[in-house]
Amino acid sequence: MPRPVEALRAQGDAELANRLVEARQELFNLRFQHVTGQLESSARLGALRKEVARIRTLLRQREIEAAEAR
63 MPRPVEALRA
73 QGDAELANRL
83 VEARQELFNL
93 RFQHVTGQLE
103 SSARLGALRK
113 EVARIRTLLR
123 QREIEAAEAR
C-alpha cells in the first residue's frame, strides 16, 4: 500500500487543488458536527488536517521548483 504522500505526488496540480478544496470543505463540515455534538469520529479531524497540510506542502514544493527552473 503506497504511503499517503506517494499517492498524492502521483497526482497533478489540478487534481491536488481539487482534493484540497474537497478536504477543506469536509474539514469545515466535521468541525461543525463537532461543535453541535454530532461528530462520530474525532480522529477524522486530525487525519484531514494532516492531509490538507500534505497537499499544501506538495503544491508549494512544486511552485518553488517551477520558480527555480526559470
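Heads up, the sequence shown is in this note's numbering, so the first residue is 63 and it goes up one at a time. Beta carbons: idealized from backbone N, C-alpha and C, even for Gly.
Taking a 10 Å sphere around the C-beta of A128, we find fewer than 16 other C-beta atoms and assign the residue as exposed. Shortest Cα-Cα distance from R106 to any of L92, R116, R122, V97 involves L92. For R111 against L89, the beta-carbon gap comes to about 7 Å, under 8 Å, which counts as contact. In this structure the region 94-101 does not touch the region 67-80; the number of beta carbon pairs closer than 8 Å is below three.
Collapsing the DSSP output to three states places G99 in coil. Its chain contains no residue whose beta carbon lies nearer than 7 Å to that of A69 once the 5 sequence neighbours on both sides are disregarded.
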